[in-house]
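If you're matching them up, the sequences are chains B and D in order. Heads up: the first sequence at position 421 corresponds to 421 in my numbering, and the numbers run straight through without jumps. Heads up: the second sequence at position 431 corresponds to 1431 in my numbering, and the numbers run straight through without jumps. A virtual CB, placed ideally from N, CA and C, is assigned to each residue, including glycine. See below for the structure under consideration.
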Amino acid sequence: MRYLPHTEEDVAEMLKVIGVAKLDDLYATIPRECRLASGLDLPEPMTEWELGDHMATLAGSMAVSPEYKVFVGAGSYEHFIPESVIQILARSEFVTAYTPYQPEISQGTLQAIYEYQTLVARLLGMETANASLYDGASALAEALLMALRITHRNRVAISRAVHPSYQKVVRTYLAAAGCELLELSCLQDGTTDLSAMNGTDDLAAVAVQSPNFFGCIEDLKPIGQLVHDKEALFVVCFSEPLAYGLFKNPGSQGADIACGEGQSFGVPQSFGGPGLGMFASKMKYVRSMPGRLVGMSKDVAGERGFVLTLATREQHIRREKATSNICTNGSLCALAAAMYMASLGGTGIRELAMLNHDKSEYLKKELVKAGFKVPFSGPTFNEFVVEFPPGFESTYERLLEKKIVPGLSLASYYPELPNHYLLCATEVRTRADMDALVRELTP
Amino acid sequence: MKGFPGRTGLIFDEPLLWERGRKGRSGMSLPRRDVDASPPAEHLVGEPPDFPDLSEVEVVRHYTRLSQWNFGVDSSMYPLGSCTMKYNPKVNEKQASRPGFAGAHPLLSAPLSQGALRLIFELERLLAEITGMDAVSVQPAAGAQGELAGMLIIYAYYRSRGSRRTKIIVPDTAHGTNPASATLCGFQPLNVKSNEHGMLSTETIAAAMDEDVAGIMVTNPNTLGLFEENIRDIAEVVHSKGGLVYCDGANMNAVMGIVNSSDMGIDIQHLNLHKTFSTPHGSGGPGSGPVCVKKHLEPFLPIPRVVREDDGYLLSEDFPESIGKLHAFHGNFGVMVKAYSYILSMGPELTRASQLAVLNANYLKEKLKDVLHLPYDRPCMHECVFSDKLQKEYKVSTLDIVKRLMDYGFHPPTIYFPLVVSGALMIEPTETESKEDLDLFIDALKAIAREAREHPELLQEAPTTCKVKRMDEVEAARHPCLTG
């Protein structure tokens, strides 16, 4: 096996030094009744070339671009990733390093993550950001747990227009913590209805998403004011951070914590993971934050350098009193996002965000022109909801045969929205793709 | 330092991203605009993010230089204890980057996602075979989330039986994630001490175990690199009081094909694909932390689960007792692809990987026990733990020793953990290091031990060959500067 360097002579010499006769004797301390009687029942090892064929078959059965035109976003977005980002991200000094516990030998990771934290804070208009969490869903769950710690309250409110999977993950995390969840329903225009908050005055946090799951931009500022009137924390989450290249960021609208999914920034969709949990907050809450933080410092000679810091919040120091149990996070995805943001720049991100918005607006208008209903009237970024006529399933199937995926059906997530589909058009969808979709929908 | 991997060379300086660039540059080919502009209402529009504008070559040079200040498994030996820094096969990167996987949307219907679903299904079966457990979910995104899943399963198990237990036993040798994960689920960790041999004794557990204790979180092999020899009896004691046994499988690399977790009395175990199954650590993630259970706990696994039916694979949420979802989609699929590729490439030779990992650790232990103090002199598994006791008289600490190792061209081991050993150096060589490289590492530590006696300042002032000298971590925490 090419990954195992030992020759039989090496093994013999080493066993002699240890003072045992054979490899199996190394396990003499394991009681007999714990030992596996027979070997592992695994298939024979594949050669590199057999593995390649096998994986090509599995990967080949997936419906992906460019063969398929997938008009689905819903938390996982198809964006172009520059080859330069792919290549520099593959530097094995980044890929094969561990968490940068030893700063002197990890300055590359540490400076890159410090820059990532800075870019994320600037993108979201927040004072500080951490080194990443797993994904948007767990980032939101961690944000709500953080709010419980800060406020010493036991109830949070979450908008029904937050990504349904994020809501489910929040429920999983909060159930065992014994915390109560209040759901805020949606208005006719697809944004959050805050009326359920009336009469509640013990909320630790209120969480909304913008753009929300339906693609609608929430009017964050008045929500923030209402939340702060109740002395709760205002948590703004997102699944498409590119929107803040164009729309007002959460920080400018009063968010205390801004968190969500960063996959759009240079991370492949990869069937949903790994993603990137982005997490930012006001500086005054930093000691309650979950996850790793990189800080600037100096070495003994006074040179600028970077270290992991405020570790007394973390599990390896604080154990049961830690702010979170997270250890391994999404570092390489954070590096990808930093490289992507650096490649785009301030000028580029505005342009790309406008292009996403304008393409999606084009598709929306063409669909309306073709007679389809867009039920939510509010502004959107790169995805929006369409209500197709009853019996649309057969049309959907017909389009699949033409290798077009015309959106995501919302019925299983929102039973009150039958025949509603969430459609997405990022920069990768050409006008020709969109015209073809509309044409196929209206034969 | 002749003969050792560490040499000095040209180190490029590199400013922060925003100290570079000029407004108006661009490092990305922006797609063609083929639709008209349709600007949103002005009151919605914000300032563009304050990002620097850089050319492609500036971005590439920036990160290339940064990468050169880093150290990975591909650079040299990385014996970070409990982290299993083995070689990460290149071919696995290629598999994960195949367009069919990398470009796959997670919410398309099952017929459009058969390859990914089959891979998840088969990986779960392979991990079940390797651990001896009955059912697996690969949804948890890292080891700590696997632990959380395990704790939630224990919580759900008692709830399903109409009872609630509030405490969980956590030994003093446990990883910090264990008590943190337990607390997250509302369990109060009950700390117990290991005995003079570095093991848990059955009596200690029997004394701690009562009807209010949900179970035990045990790491086996433990963080001293020792196999918990009493594990069967401990499991029996815990089970007899109605408790469950959770095993932190971070150290599984020692025992693939050697032990059967199920036979040991384990009810739940998490694995770290980014340790045992060779997926790269990526400077701190992404990982993957599958949770493996015995039959009686299968109903509680996270949803959705991949199931096989006559006409293929599909995702099912029809598990009413499930703890629910832990990840927005199906977990870190890209990591799973690499681990699956690794297992298929190794097959039954995984057992030899474990044997050689244990061989390497015992060889180091034998060769180094006259150089460094060995607090528990017993046959070890995949790692061994030393201390700085012999060097203390020269005013040299564990920190000084490992900083000096950098100058010799090696990554430091894990230090000051486990907490039960004062000044611990926890060394895990892994099976992918050759005898020659181990010998060099041994010689480096011998040379450092000599330096400690004769020139302790060489250690106290180390490292001297890295991008920066020793960093001030205290100041960083006192006056946090987290963004620029």
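- Secondary structure note for B:S394: it is in no beta strand (DSSP E), and the uninterrupted alpha helix (DSSP H) holding it is F392 to E401.
- Between the alpha carbons of D:V1045 and B:P379 lies a distance of about 11 Å.
- B:K298 carries a strand assignment under DSSP once its states are collapsed to helix, strand and coil.
- Non-local beta-carbon contacts of D:Y1342 in its own chain, meaning distances under 7 Å to residues more than five positions away in sequence, involve P1089, N1092, F1277 and S1278 in chain order.
- Taken in chain order, the unbroken stretches of beta strand (DSSP E) that lie wholly in the region 1222–1300 of chain D and span 3 residues or more are 1244–1248, 1268–1270 and 1291–1293.
- Residues of the region 1101–1119 of chain D with a C-beta less than 7 Å from any C-beta of chain B: F1101, A1102, G1103, A1104, H1105, P1106, L1107, L1108, L1112, S1113, Q1114, G1115, A1116, R1118 and L1119, listed in chain order.
- Of all residues in the region 1273–1288 of chain D, those with a C-beta nearer than 9 Å to a C-beta of chain B are H1274, S1278, P1280, H1281, G1282, S1283, G1284, G1285, P1286, G1287 and S1288, reading in chain order.
- In terms of beta-carbon proximity, D:Y1313 stays away from the interface with chain B, with every pair separated by 8 Å or more.
- Put simply, of B:C237, B:I217 and B:M197 the residue whose alpha carbon is nearest the alpha carbon of B:D229 is B:M197.
- The Cβ neighbour count for D:D1267, taken over all protein chains shown within 10 Å, is at least 16; the residue is labelled buried.
- For the 8 Å CB-CB criterion, D:L1117 and D:Y1313 form a contact.
- Per DSSP, D:N1178 is one residue of the alpha helix (DSSP H) stretching across T1177 to L1184.
- Cβ contact annotation for B:Y68 (same chain, cutoff 8 Å, sequence separation greater than five): K403, I404 and V405, in chain order.
- If you draw a straight line from the Cα of B:E33 to the Cα of D:K1365, it comes to about 27 Å.
- Here B:E142 is buried. Its C-beta has 16 or more other C-beta atoms within 10 Å.
- When D:M1209, D:L1440, D:T1173 and D:L1126 are compared, the shortest CA-CA separation from D:R1165 is found for D:M1209.
- Within the region 156–182 of chain B, contact with chain D at the beta-carbon level (separation under 8 Å) is assigned to H163, S165, Y166, K168, V169, R171, T172, Y173, A175, A176, A177 and G178.
- Here the region 116–129 of chain B makes no contact with the region 1308–1326 of chain D; the two share fewer than three CB pairs at distances below 8 Å.
- Within 7 Å of the CB of D:S1075, the CB atoms of chain B belong to E93, in sequence order along the chain.
- Across the region 1258–1271 of chain D, CB contacts with chain B closer than 7 Å involve I1258, V1259, N1260, D1263 and M1264, in sequence order along the chain.
- Around the beta carbon of B:A129, a 10 Å sphere encloses 16 or more other beta carbons of the protein chains shown; the residue is thus reported as buried.
- In the structure shown, D:F1319 adopts coil according to DSSP, grouped into three states.
- Apart from sequence neighbours up to five positions away, the residues of its chain that approach B:I326 with a beta-carbon distance below 7 Å are L133, P290 and G291, ordered along the chain.
- Within the region 329–374 of chain B, the complete alpha helix (DSSP H) segments at least 4 residues long are 331–369, listed from N- to C-terminus.
- Judged by beta-carbon spacing, D:I1168 lies within the 8 Å limit of D:V1213, meaning their Cβ atoms are closer than that value.
- Taking C-beta atoms as the reference points, D:P1379 and D:N1362 count as a pair closer than 8 Å.
- Note: D:M1426 is bridge-paired with D:V1385 and D:T1414 in the DSSP secondary-structure output.
- For D:P1221 and D:G1186, the gap between their C-alpha atoms comes out near 26 Å.
- Just so you know, the alpha carbons of D:F1101 and B:A21 end up roughly 46 Å apart.
- For B:H228, the enclosing alpha helix (DSSP H) stretches over residues L220 to D229.
- Within the region 1331–1357 of chain D, complete alpha helix (DSSP H) segments of at least 4 residues are found at 1333–1346, given in chain order.
- Going by DSSP, B:R155 is part of the beta strand (DSSP E) stretching over R155 to S159.
- Proximity of chain D to B:L352 at the Cβ level (cut-off 7 Å) is accounted for by L1030, in chain order.
- Contact between D:G1324 and D:P1005 does not hold, since the beta-carbon distance rounds to 48 Å and is not under 8 Å.
- Taking a C-beta distance under 8 Å as the contact criterion, D:F1333 and B:G19 do not qualify as a contact pair.
- Rounded to the nearest angstrom, the gap between the Cα atoms of D:S1026 and D:Y1376 is 58 Å.
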